[in-house]
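J.: Quick mapping for you: the protein sequence lines, in order, are chains A and B. In this text, residue positions in the first sequence follow the numbering used here: the first is 1, and each later residue adds one. In this text, residue positions in the second sequence follow the numbering used here: the first is 502, and each later residue adds one. Heads up, the beta-carbon is just placed ideally off N, CA and C, and yes, glycines get one too. Once you've had a glance at the structure underneath, I'll fire off some questions.
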Amino acid sequence: MPTETLPEPVLALQMRGIRKAFPGVQALAGVDLDVRRGEVHVLLGENGAGKSTLMKILSGALPRDAGTIEIDGRAAALASPREARGARIAIIHQELALVPEMTVAENIFLGRAPTRFGLLDQPAMVREATTLLSRLGANINPNVLVASLSIAQQQLVEIARALSLDARILIMDEPTSALTERESTRLFATITGLTARGTAIVYISHRLDEIFAIGDRITVLRDGRNVATQEVRQADRRALVRLMANRDVDELVPPTIRTTGKPRLRIEGLSHGSTLHNVSFSVRSGEIVGFAGLLGAGRTEIARAVFGLEPFDQGTVFVDERPVEIRSPRDAIAAGIGFVTEDRKREGLVLSRSVRDNVALPILKRLARLGIVHRTAETAIAESSVRDLNIRTPSVRQLAQNLSGGNQQKIVLAKWLATGARILFLDEPTRGIDVGSKQEIYALINELAAAGVAIVLMSSDLPEVLGLSDRVLVMREGRITGEFTRAEASAERVMACAVGI
Amino acid sequence: MMSSATVRRIVRGREAGTAIGLIVLCIGLWIATPYFATAANLSNVAEQSAVIGVIAIGMTFVILTGGIDLSVGSLVALVSVVIGSALQRGVPVFAAVAIGLLAGAVCGALNGLMITRGPLPPFIATLGMMSVARGAALLLSDGRPISGFPDGLRALATSDVLGAPAPVVMMLTLYLLAYLVLTRTVFGRYMYAIGGNEEATALAGVNVRRWKTVVYAISGLSAGVCAVLLVARLNSAQPIAGIGYELDAIAAVVIGGTSLLGGSGSVIGTLIGALIMSVLRNGLNLLGVSSYLQQVAIGVVIIAAVLIDMALRRRVQRSSR
Numbered sequence: 001m002p003t004e005t006l007p008e009p010v011l012a013l014q015m016r017g018i019r020k021a022f023p024g025v026q027a028l029a030g031v032d033l034d035v036r037r038g039e040v041h042v043l044l045g046e047n048g049a050g051k052s053t054l055m056k057i058l059s060g061a062l063p064r065d066a067g068t069i070e071i072d073g074r075a076a077a078l079a080s081p082r083e084a085r086g087a088r089i090a091i092i093h094q095e096l097a098l099v100p101e102m103t104v105a106e107n108i109f110l111g112r113a114p115t116r117f118g119l120l121d122q123p124a125m126v127r128e129a130t131t132l133l134s135r136l137g138a139n140i141n142p143n144v145l146v147a148s149l150s151i152a153q154q155q156l157v158e159i160a161r162a163l164s165l166d167a168r169i170l171i172m173d174e175p176t177s178a179l180t181e182r183e184s185t186r187l188f189a190t191i192t193g194l195t196a197r198g199t200a201i202v203y204i205s206h207r208l209d210e211i212f213a214i215g216d217r218i219t220v221l222r223d224g225r226n227v228a229t230q231e232v233r234q235a236d237r238r239a240l241v242r243l244m245a246n247r248d249v250d251e252l253v254p255p256t257i258r259t260t261g262k263p264r265l266r267i268e269g270l271s272h273g274s275t276l277h278n279v280s281f282s283v284r285s286g287e288i289v290g291f292a293g294l295l296g297a298g299r300t301e302i303a304r305a306v307f308g309l310e311p312f313d314q315g316t317v318f319v320d321e322r323p324v325e326i327r328s329p330r331d332a333i334a335a336g337i338g339f340v341t342e343d344r345k346r347e348g349l350v351l352s353r354s355v356r357d358n359v360a361l362p363i364l365k366r367l368a369r370l371g372i373v374h375r376t377a378e379t380a381i382a383e384s385s386v387r388d389l390n391i392r393t394p395s396v397r398q399l400a401q402n403l404s405g406g407n408q409q410k411i412v413l414a415k416w417l418a419t420g421a422r423i424l425f426l427d428e429p430t431r432g433i434d435v436g437s438k439q440e441i442y443a444l445i446n447e448l449a450a451a452g453v454a455i456v457l458m459s460s461d462l463p464e465v466l467g468l469s470d471r472v473l474v475m476r477e478g479r480i481t482g483e484f485t486r487a488e489a490s491a492e493r494v495m496a497c498a499v500g501i
Numbered sequence: 502m503m504s505s506a507t508v509r510r511i512v513r514g515r516e517a518g519t520a521i522g523l524i525v526l527c528i529g530l531w532i533a534t535p536y537f538a539t540a541a542n543l544s545n546v547a548e549q550s551a552v553i554g555v556i557a558i559g560m561t562f563v564i565l566t567g568g569i570d571l572s573v574g575s576l577v578a579l580v581s582v583v584i585g586s587a588l589q590r591g592v593p594v595f596a597a598v599a600i601g602l603l604a605g606a607v608c609g610a611l612n613g614l615m616i617t618r619g620p621l622p623p624f625i626a627t628l629g630m631m632s633v634a635r636g637a638a639l640l641l642s643d644g645r646p647i648s649g650f651p652d653g654l655r656a657l658a659t660s661d662v663l664g665a666p667a668p669v670v671m672m673l674t675l676y677l678l679a680y681l682v683l684t685r686t687v688f689g690r691y692m693y694a695i696g697g698n699e700e701a702t703a704l705a706g707v708n709v710r711r712w713k714t715v716v717y718a719i720s721g722l723s724a725g726v727c728a729v730l731l732v733a734r735l736n737s738a739q740p741i742a743g744i745g746y747e748l749d750a751i752a753a754v755v756i757g758g759t760s761l762l763g764g765s766g767s768v769i770g771t772l773i774g775a776l777i778m779s780v781l782r783n784g785l786n787l788l789g790v791s792s793y794l795q796q797v798a799i800g801v802v803i804i805a806a807v808l809i810d811m812a813l814r815r816r817v818q819r820s821s822r
């Protein structure tokens, strides 16, 4: 590790006794954080532990109530994002903060574009953007609009922007949550390059594998306090999970034995333009079929086509061996299909409405007579969902936006379960969700399958796909290029099919 | 009709702040000018608020879904003229009113279709309709007011129901209806959901296009109701009626705390917002404030109301984090 090349560890960042209260919540109750030069310092903790608040304070986005911050041994106020940038602190947000209507290059250099004679130096900008993106191994044209990029590509642009700032302290908040294995590997190589040059990196992630791959030290936060700081080499996975959650969580996906029934969903020869080529597969009731593949391989496109969101050129959808015509989400829901989308904030939830309203949304007509909603029935359904799925909310009246990512995702699931869906498409169901909630969602997926729901799981998290699926299908460039049973599937085999070796 | 939980929610909610604003304004005017609190003046204020108040119902629906309707002022004129010419041709009052309301709803539905079937943003579609409807009103009436109507229509404006002026009773009835639609019906839930997140709502299997079209049709219909009240009161149909009404209606909605981004707000807030606007106008008139200065005052109130609202919202958001 690069730290060993330095004579002795020098602190790039020292935070002492940081406190921050929001009305009703003590988000940080005196947190300390030391980050050495050239170190990847992992910040661990469940959602709500205070990681994001601490990083917002470090990046100048939030004022602190108390505590001191020293950068390279000098006290720093960091009262504004500008000041933080002046101290060469950069942050890669988990929530993407790009301007969709501008090009990739313009986004990377937003607010500090290179100029010549007072005019934008477009060629220089594009040139530098290309260099930055290729360092990340990202095949993205700097001249296209950000709006046209996938979430993973947008995340890479966000990372490129942070790199362009040439920061001394770089904060990465779940940078790999939307990246493929290969992209993540490139990112890790870039990180190693940065640390070799002395950049200090604060790395937030829920993925233990990558923490062990690139982290030097770990600080665990819980309820706004330090729980532990230790060397990654000496850390133990189970112990870390326990420290975070203060309870035993089975880190591995619990293996379950299920009996699968009759084919519930069958897709025959699904083709669309250049995105899908003759895709055929079937899912039995009680079976979990996992889709692996690189981003853009066509997984999401299958779900969107089957759910009636995108038209397709060819292909037939059979439900219970009967062909069904699906032209809109309404048709899909009527056929018993549910779709937990990749982006729950954009497509999954009405954040400004209550848990109850969200759960009841697809079934309102069923809950109404003469157009008037039967509120008792509605509340009863929402309350039983909250109970069954263990959604942590003070009441069903709580607004969806006030819940954590894991609980929000459970609302999305509850919504589809309430429709009585017997076929569920899950697209990246645990993206950006903390370890504890992930476990619960895995358990829930297993329970649903055990109850006879046919599940199509699409995920970039390979361990997740391998751990949950009865069968794994691998996609590449719009085609299914491999099929493995649970016993046959391994990370190496799946990746080989995904990249096409 | 309202459960105690509903009452509690209203008291605690955003509407309480606006209502306090209205009460403070009334007390202030009561102290400043003795004439303000007389029965005659108060019923006058209520009657004046009915005109904008009715359009603001449709506007609340539209804004809740994240849209805007700039055409309602012109639709008031068009519907007025339609009713006027129908009456002139000897069509019975009841039928003339029905034709007028239908015309309003159809124009509104056209707005909705342009927005949901075509790629037009609400601002552009209704801006176009604003000009088209105004022009049509002028063409249809040759630019002149139409007057000389049977007494039946006039009664709508002059008669009393249970001791209150008929327009006021009509407005309150419509508000009650709109409140029930928003809080109790599937359609009401859909409006909030569409405004909150249109994509997620469509994904939940809701026919977003159809419901949005209905919302604009209702907005056109409420402009039609406003036109009926206006024609009845003035006893004449004016092709230049309703100029700027769309902005007054938007102001009432915004003062009432409905977010222009859609997804949150209430029709009770809008009612209070409409009342604040007409109380303010009336009070400033009584105090002899020039009409120029009045415009300034109303503008300040709109801005202040939204600033206070945003500050309150931020506090609520923080405390619930």
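#1: Sorted by chain position, which residues of the same chain lie with C-beta nearer than 7 angstroms to VAL249 (chain A)'s C-beta, five sequence neighbours on each side aside?
#2: Taking the C-alpha atoms as reference points, what is the distance between LEU675 (chain B) and THR519 (chain B)?
#3: Under 8 angstroms, Cβ to Cβ, is there at least one residue of chain A near ASN783 (chain B)?
#4: Flag GLY697 (chain B) as yes if its beta-carbon sits less than 8 angstroms from any beta-carbon of chain A, otherwise no.
#5: Of all Cβ atoms in chain B, is any one closer than 8 angstroms to the Cβ of THR341 (chain A)?
#6: What are the residues of the segment 162–185 of chain A that lie near chain B, defined by any Cβ-Cβ distance shorter than 7 angstroms?
#7: Span of the beta strand (DSSP E) holding GLY482 (chain A)?
#8: Rounded to whole angstroms, what's the CA-CA distance from ALA487 (chain A) to ILE480 (chain A)? Just pull it up for me.
#9: Output needed for PRO668 (chain B): all residues of its chain with C-beta closer than 7 angstroms, excluding positions within five of it in sequence on either side, in chain order.
#10: Determine the extent of the beta strand (DSSP E) in which PHE339 (chain A) is found, giving its start and end residues.
#11: Among A:THR275, A:ARG392, A:PRO323, A:PHE425, which has the Cα closest to the Cα of GLY348 (chain A)?
#12: Using a Cβ-Cβ cutoff of less than 6 angstroms, which residues in the same chain neighbour VAL732 (chain B) once the five nearest sequence positions on both sides are dropped?
#13: Can you list the residues of chain B that ILE333 (chain A) reaches, using a CB-CB cut of under 9 angstroms?
#14: Does any residue of chain B bring its CB to less than 8 angstroms from the CB of PRO311 (chain A)?
#15: Let me know if ILE532 (chain B) comes out buried or exposed under the rule of 16 or more other beta-carbons within 10 Å of its beta-carbon.
#16: Taking the Cβ atom as the reference point for each residue, do ARG356 (chain A) and VAL396 (chain A) lie within a distance shorter than 8 angstroms?
#17: For PRO56 (chain A), which beta-bridge partners are listed by DSSP?
#18: I think LEU468 (chain A) touches ILE445 (chain A), with their Cβ atoms under 8 angstroms apart; what is that distance to the nearest whole Å?
#19: So, at 8 angstroms on beta carbons, what are the nonlocal neighbours of ARG197 (chain A) in its own chain, with the 5 sequence-adjacent residues on each side left out?
#20: Do you know offhand how far ARG247 (chain A)'s Cα is from GLY215 (chain A)'s?
#21: Give the residues of chain B in contact with LEU349 (chain A), contact being defined as C-beta atoms less than 9 angstroms apart.
#22: Measuring alpha carbon to alpha carbon, tell me which of A:GLY286, A:LEU270, A:LEU276, A:GLU268 ends up nearest GLY261 (chain A).
#23: Would you report the Cα separation of GLU183 (chain A) and MET811 (chain B), rounded to the nearest angstrom?
#24: Does DSSP put PHE595 (chain B) in a helix, a strand or coil?
#25: Which residue wins for smallest C-alpha separation from ALA211 (chain A), given the options A:LEU43, A:ASP461, A:LEU448?
#26: Can you tell me which residues form a DSSP beta bridge with MET15 (chain A)?
#27: Between the C-alpha atoms of VAL555 (chain B) and TYR793 (chain B), what's the straight-line distance to the nearest angstrom?
#28: Would you mind sorting PRO142 (chain A) into buried or exposed? The rule is 16 or more other CB atoms within 10 Å of its CB.
#29: Might you give, ordered along the chain, the residues of its own chain that have their beta carbon closer than 6 angstroms to the beta carbon of ALA87 (chain A), omitting 5 neighbours on each side?
#30: Taking 8 angstroms as the threshold (C-beta atoms), are VAL227 (chain A) and HIS41 (chain A) in contact?
#31: Rounded to a whole number of angstroms, what is the C-alpha to C-alpha distance between ASN698 (chain B) and LEU351 (chain A)?
#32: With 8 angstroms as the threshold, decide whether the Cβ of VAL373 (chain A) is near any Cβ in chain B.
#33: Strictly below 8 angstroms CB to CB, what residues from chain A border ARG824 (chain B)?
#34: Span of the beta strand (DSSP E) holding SER460 (chain A)?
#35: In whole angstroms, what is the alpha-carbon distance linking GLY824 (chain B) and ILE381 (chain A)?
#36: Beta strand (DSSP E) containing PHE291 (chain A): first to last residue?
T.: Per the coordinate set shown:
#1: Along the first sequence, read from residue 1 onward, the residue named residue 249 (chain A) stands at position 249. Bear in mind that the predicted position of VAL249 (chain A) carries a pLDDT of just 42, short of 50, making it unreliable; the figure below should be weighed with that in mind. Counting only Cβ-Cβ distances below 7 angstroms, and skipping sequence neighbours, we find VAL241, VAL435, GLY436, GLN439.
#2: Taking the first residue of the second sequence as 1, we reach residue 675 (chain B) at position 174. Taking the first residue of the second sequence as 1, we reach residue 519 (chain B) at position 18. Using only the alpha carbons, I get a separation of about 20 angstroms.
#3: If you number the second sequence from 1, residue 783 (chain B) lands on position 282. So no, ASN783 (chain B) is outside the interface.
#4: Within the second sequence, the letter at position 196 stands for residue 697 (chain B). For GLY697 (chain B), the answer is yes, since a Cβ of chain A falls inside 8 angstroms of its Cβ.
#5: Position 341 of the first sequence holds residue 341 (chain A). Output row for THR341 (chain A): interface = yes.
#6: none
#7: What you label residue 482 (chain A) is simply residue 482 of the first sequence in a count that begins at 1. Element bounds for GLY482 (chain A): 479–485.
#8: Translated into positions along the first sequence, residue 487 (chain A) becomes position 487. Translated into positions along the first sequence, residue 480 (chain A) becomes position 480. Each residue's Cα considered, the two are about 19 angstroms apart.
#9: In the second sequence, residue 668 (chain B) corresponds to position 167, counting from 1. Once the five neighbours on either side are set aside, the close Cβ partners of PRO668 (chain B) are GLU548, ALA551, ALA658, LEU730.
#10: Residue mapping note: residue 339 (chain A) aligns to position 339 of the first sequence, counting from 1. Counting along the chain, the beta strand (DSSP E) containing PHE339 (chain A) begins and ends at 337–340.
#11: Here residue 348 (chain A) corresponds to residue number 348 of the first sequence, with the count starting at 1. When only C-alpha atoms are compared, the closest one is A:PHE425.
#12: As a position in the second sequence, residue 732 (chain B) is number 231, starting the count at 1. Cβ neighbours of VAL732 (chain B) beyond the five flanking positions: SER581, ILE584, ALA738.
#13: Residue mapping note: residue 333 (chain A) aligns to position 333 of the first sequence, counting from 1. The contacting residues are ALA705, GLY706.
#14: Here residue 311 (chain A) refers to the residue found at position 311 of the first sequence. Cβ-Cβ to chain B under 8 angstroms: no for PRO311 (chain A).
#15: One-based indexing of the second sequence puts residue 532 (chain B) at position 31. Exposed.
#16: In the first sequence, the residue the question calls residue 356 (chain A) occupies position 356. In the first sequence, the residue the question calls residue 396 (chain A) occupies position 396. Yes, these two residues count as a Cβ contact at 8 angstroms.
#17: Taking the first sequence and counting its residues from 1, the one referred to as residue 56 (chain A) is at position 56. Checking the displayed sequence, the identity of residue 56 (chain A) turns out to be Lys instead of Pro. None, per the DSSP bridge assignment.
#18: Position 468 of the first sequence, counting from 1, holds the residue named residue 468 (chain A). Position 445 of the first sequence, counting from 1, holds the residue named residue 445 (chain A). With a Cβ gap of about 6 angstroms, LEU468 (chain A) and ILE445 (chain A) count as contacting.
#19: Working through the first sequence from its first residue, we reach residue 197 (chain A) at position 197. The residues are GLY38.
#20: Here residue 247 (chain A) refers to the residue found at position 247 when the first sequence is read from its first residue. Here residue 215 (chain A) refers to the residue found at position 215 when the first sequence is read from its first residue. The predicted model places ARG247 (chain A) with a pLDDT of 48, which falls under 50 and marks its position as unreliable, so this point remains unresolved.
#21: Numbered from its first residue, the first sequence carries residue 349 (chain A) at position 349. GLY697, ASN698, ALA701, listed in chain order.
#22: Residue mapping note: residue 261 (chain A) aligns to position 261 of the first sequence, counting from 1. Among A:GLY286, A:LEU270, A:LEU276, A:GLU268, the Cα nearest to that of GLY261 (chain A) belongs to A:GLY286.
#23: As a first step, residue 183 (chain A) is located in the first sequence; it is residue number 183 there, counting from the start. As a first step, residue 811 (chain B) is located in the second sequence; it is residue number 310 there, counting from the start. About 41 angstroms.
#24: For the purposes of this step, residue 595 (chain B) is identified with residue 94 of the second sequence, where counting begins at 1. The answer is helix: DSSP assigns PHE595 (chain B) an H, G or I state.
#25: One-based indexing of the first sequence puts residue 211 (chain A) at position 211. A small fix is needed here, since residue 211 (chain A) is Ile in this sequence, not Ala. With distances taken between Cα atoms, ILE211 (chain A) lies closest to A:LEU43.
#26: Taking the first residue of the first sequence as 1, we reach residue 15 (chain A) at position 15. MET15 (chain A) pairs with A:LEU33, A:ILE69.
#27: Numbered from its first residue, the second sequence carries residue 555 (chain B) at position 54. Numbered from its first residue, the second sequence carries residue 793 (chain B) at position 292. Whole-angstrom Cα-Cα distance: 26 angstroms.
#28: Numbered from 1 along the first sequence, position 142 holds the residue referred to as residue 142 (chain A). With 16 or more other Cβ atoms within 10 Å, it is buried.
#29: Here residue 87 (chain A) refers to the residue found at position 87 when the first sequence is read from its first residue. Contacts found: ILE71, ALA76.
#30: Counted from its first residue, the first sequence places residue 41 (chain A) at position 41. Counted from its first residue, the first sequence places residue 227 (chain A) at position 227. No. Outside cutoff.
#31: Here residue 698 (chain B) refers to the residue found at position 197 when the second sequence is read from its first residue. Here residue 351 (chain A) refers to the residue found at position 351 when the first sequence is read from its first residue. The straight-line gap from Cα to Cα measures roughly 8 angstroms.
#32: Counted from its first residue, the first sequence places residue 373 (chain A) at position 373. Yes, VAL373 (chain A) counts as interfacial toward chain B.
#33: For chain B, the structure presents residues 502 to 822; residue 824 (chain B) sits outside this window and is missing.
#34: Reading the first sequence from its first residue, position 460 is the one you call residue 460 (chain A). Unbroken run through SER460 (chain A): none, as it is neither H nor E.
#35: Residue coverage of chain B in this structure runs from 502 to 822, which leaves residue 824 (chain B) outside it and unanswerable.
#36: What you label residue 291 (chain A) is simply residue 291 of the first sequence in a count that begins at 1. From DSSP, the beta strand (DSSP E) with PHE291 (chain A) extends over 288–293.
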